Amino acid sequence: MITSGKELQLDMLGLNKIDEVHRNLSVESLIEETVKNGEGVIGPRGVTIVDTGKFTGRSPNDKYIVEEPSSSDKIWWGSVNKKIDESIFDELYSSVIDYYNKDNSKTYLFDGFAGFDPSHSINVRIIAKRAWQAHFVNNMFIRPQNSELDNFTPDFTIINASSVQNKAFKKHGMNSETFIIFHLGKKIAIIGGTEYAGEMKKGIFSVLHYVLPQKGILSMHCSANVDEDGSNAAIFFGLSGTGKTTLSTDPKRPLIGDDEHGWSDDGVFNFEGGCYAKTINLNPEEEPDIYNAIRRGALLENVVYDPHTKIVDYNDNSKTENTRVSYPLNFIENSVFAKGKPALSDHPKTIIFLTCDAYGVIPPVSKLTSEQAMYHFISGYTAKVAGTERGVTEPTATFSPCFGGPFLTLHPLEYAELLRKKMNKFNVPAFLVNTGWVGASAESGAKRISLPITRKIIYSILDGTINNSSFEVDPYFGVQVPLNLNEIDSSILIPSNAWKSKEDYVKTAENLVDKFQKNFAEYNIDDEKIQNAGPTKK
13 MITSGKELQL DMLGLNKIDE VHRNLSVESL IEETVKNGEG VIGPRGVTIV
63 DTGKFTGRSP NDKYIVEEPS SSDKIWWGSV NKKIDESIFD ELYSSVIDYY
113 NKDNSKTYLF DGFAGFDPSH SINVRIIAKR AWQAHFVNNM FIRPQNSELD
163 NFTPDFTIIN ASSVQNKAFK KHGMNSETFI IFHLGKKIAI IGGTEYAGEM
213 KKGIFSVLHY VLPQKGILSM HCSANVDEDG SNAAIFFGLS GTGKTTLSTD
263 PKRPLIGDDE HGWSDDGVFN FEGGCYAKTI NLNPEEEPDI YNAIRRGALL
313 ENVVYDPHTK IVDYNDNSKT ENTRVSYPLN FIENSVFAKG KPALSDHPKT
363 IIFLTCDAYG VIPPVSKLTS EQAMYHFISG YTAKVAGTER GVTEPTATFS
413 PCFGGPFLTL HPLEYAELLR KKMNKFNVPA FLVNTGWVGA SAESGAKRIS
463 LPITRKIIYS ILDGTINNSS FEVDPYFGVQ VPLNLNEIDS SILIPSNAWK
513 SKEDYVKTAE NLVDKFQKNF AEYNIDDEKI QNAGPTKK
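All the letters of the sequence shown, read from the start, carry residue numbers 13 to 550 under the numbering used here.
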């Protein structure tokens, strides 16, 4: 619909020269506007294809939070949340507002929600100058009914001014001309110098990471699914490459969501109304859900395509490895939302931490105490196989607190404390599942644990049959490891038994323990129970 800026009270933001605002346009209208504006083209099956320009990923070094009285004592300040003076925000905010008031191109606005549980959702408003960015947020956030737009008041507003650059960034002591700045007191963020749409998605995620934990709600970077009858919910934590998306997208279990969730005293709920999936090397046979979602209404970013036929080459990474597609949640046929229900559930019955251990010393599956769960949650470990082009001869350990470090606004311990409270209150067990290597490191030429084996492990956790096993304590990680599991070769369950050389096993395990301990020390956590729950040398 077309409305006036005054009617939407945009003048309160300083936007007082905007006569027409294109508010919550239909997807078809947004597609039409995108093509008409020269922002994108129509590809196979009607998908819209756009190019995000210079930036094909987030710019974490350009993200700042204003240091101001209402929030400064709560923020986890550091490399993730960099301080910026309010006077600099005011100066750049004026530049953004001035741009909007003077630019004659159309202004697009999306009003909607983040959070499927209406008791805990926030009203979000996104203002943009590009139709495809409005299309993106329409895909990714929860779309309102027309009646919900009446008397809509935003809880948080993002003003996206992609074309505005900060030429005075050196004077301001900033990283570059690009800026993503949050003023949590004024409940507003401004974006300049980057078109990358993920900044808006993850920007609201960072806001939820600030708002919800203060209400006792755990905000989580995870996927979640349920049984066909909506029961037996499970949440999956894991960094890129661990199998989080693959394992939670299960033909037997409808998907709640693939990326962002909250856990309240009422249960688990998806924050988003859409999915933002990677498409590099996309194979329709291996990932049919994502492939089939790429159709009219979906939005492809930065893919390489034939200029004449518009056929996409998903294997071409010449533009970026981070090719993406956004689409509404109901485009995934086996999702709770596609089945006509809100994307939420009761309390999870299981928590699964996924890691791809390229060192080969973490068991394929193990059971954790609540303190061990906190330790591994704060650590957020996985390992990447070294690239031969860099001449590295061993795997690289990667740690990201709470499996989502770039989006945290509070100290990781605050989220971990909430996790422990929820686990204990609702009696939820946690498991650590290694989807990487066991018995040898990735560099040895050994094969990664196969997906069918990992799926069997996941099913044994979800149906409870793992609890029928006998367990022993891992000598380095202190976790409970099953000695036997249905249909799985027991020789791989205990890492020390799987290694041919016990000497190599000990050396590799102690090396990884060192990395865990060094990383955990950075958080200055005094709780001895959590400290003692981590891996130790013999």
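For glycine and all other residues, C-beta sits at the position ideal for the given N, C-alpha and C.
Quantities reported herein were computed from a predicted structural model and do not represent experimental measurements.
Cβ-based burial, residue i [other Cβ within 10 Å; buried from 16]
i: Pro360; result: buried
i: Gln145; result: buried
i: Gly338; result: Reading off the sequence shown, one finds Ser at residue 338, where the question assumed Gly. The residue is buried, with at least 16 neighbouring Cβ atoms inside 10 Å.
i: Leu356; result: buried
i: Asp501; result: exposed
i: Leu497; result: buried
i: Thr190; result: buried
i: Gly285; result: buried
i: Leu463; result: exposed
i: Ile14; result: exposed
i: Leu420; result: buried
i: Gly448; result: buried
i: Pro266; result: buried
DSSP-derived helix/strand/coil call for residue i
i: Trp449; result: coil
i: His423; result: coil
i: Gly416; result: coil
i: Pro340; result: strand
i: Phe518; result: A quick correction: the sequence has Val, not Phe, at residue 518. Helix at Val518.
i: His359; result: coil
i: Gly58; result: helix
i: Ser4; result: Not covered by the structure: residue 4. The range shown for the chain is 13 to 550.
i: Asp23; result: helix
i: His147; result: helix
i: Glu313; result: strand
i: Gly197; result: coil
i: Leu430; result: helix
i: Phe532; result: helix
i: Gly476; result: coil
i: Gly296; result: One detail in the question is off: residue 296 reads as Pro in this sequence, not Gly. Here Pro296 sits in coil by DSSP.
i: Gln492; result: strand
i: Val53; result: strand
C-alpha distance - residue i paired with residue j, whole-angstrom precision
i: Leu524; j: Glu313; result: 37 Å
i: Ser41; j: Val136; result: 21 Å
i: Ile202; j: Ala140; result: 10 Å
i: Pro56; j: Leu431; result: 43 Å
i: Asp97; j: Lys199; result: 16 Å
i: Asn113; j: Val440; result: 52 Å
i: Glu19; j: Val33; result: 10 Å
i: Ser74; j: Lys512; result: A small correction: the amino acid at residue 74 is Asp; Ser does not occupy that position in the sequence shown. Those two C-alpha atoms are separated by around 47 Å.
i: Asp318; j: Asp239; result: 41 Å
i: Phe249; j: Ser159; result: 36 Å
i: Asn329; j: Asp63; result: 13 Å
i: Ile109; j: Ala442; result: 48 Å
i: His195; j: Phe281; result: 26 Å
i: Val78; j: Ser106; result: 15 Å
i: Cys414; j: Cys368; result: 16 Å
i: Ile537; j: Glu429; result: 12 Å
i: Thr408; j: Tyr427; result: 26 Å
i: Leu366; j: Phe389; result: 10 Å
i: Ser456; j: Lys468; result: 25 Å
Sequence-distant residues of the same chain with beta carbon closer than 7 Å to residue i, five excluded per side
i: Ala143; result: Leu42, Glu45, Thr46, Asn49, Glu51 and Tyr120
i: Ser412; result: Leu251 and Gly392
i: Arg402; result: Here Arg402 scores only 38 on pLDDT, less than 50, and its place in the model is too uncertain to base an answer on.
i: Trp275; result: Ile229, Leu230, Met232 and Lys434
i: Glu211; result: Arg70, Ile192 and Ile203
i: Ser382; result: Arg432, Met435 and Asn436
i: Val149; result: Phe122, Ile138 and Met212
i: Trp89; result: Lys95
i: Asn151; result: Gly286, Leu311, Ser338, Tyr339 and Pro340
i: Tyr303; result: Leu294 and Pro296
i: Lys331; result: Thr68, Asn314 and Val316
Other residues of its chain near residue i: CB distance less than 8 Å, five sequence neighbours each side excluded
i: Val11; result: The structure shown has nothing for residue 11, since the chain only spans 13 to 550.
i: Thr410; result: Leu251, Tyr393, Thr394, Ala395 and Lys396
Close beta carbons around residue i, own chain, < 6 Å, minus the five adjacent residues each side
i: Phe580; result: Residue numbering for the chain in the displayed model covers 13 to 550; residue 580 lies beyond these limits and cannot be assessed.
i: Gly17; result: Leu27, Ile30 and Val33
i: Asn545; result: Reading the sequence as shown, one finds Ala at residue 545 and not Asn. The residues are Glu383, Gln384 and Tyr387.
i: Ser82; result: Gly197
i: Val176; result: Ser107, Val108, Tyr111 and Gly204
Cβ separation of residue i and residue j, assumed to be a contact under 8 Å, to the nearest whole Å
i: Ala236; j: Gly269; result: 6 Å
i: Leu505; j: Val493; result: 6 Å
i: Ser453; j: Tyr371; result: 5 Å
i: Phe343; j: Ala305; result: 4 Å
i: Tyr418; j: Val92; result: Sequence check: residue 418 is Pro here, not Tyr. So it is a contact: roughly 6 Å between Cβ atoms.
CB contact check: residue i to chain D, cutoff 8 Å
i: Glu189; result: Going by chain labels, chain D is absent from the structure shown, which holds only one protein chain.
Proximity test, residue i beta-carbon vs the ligand GDP heavy atom, cut-off 7 Å
i: Pro441; result: Judged by which ligands are present, the structure shown has none, so any question about the ligand GDP falls away.
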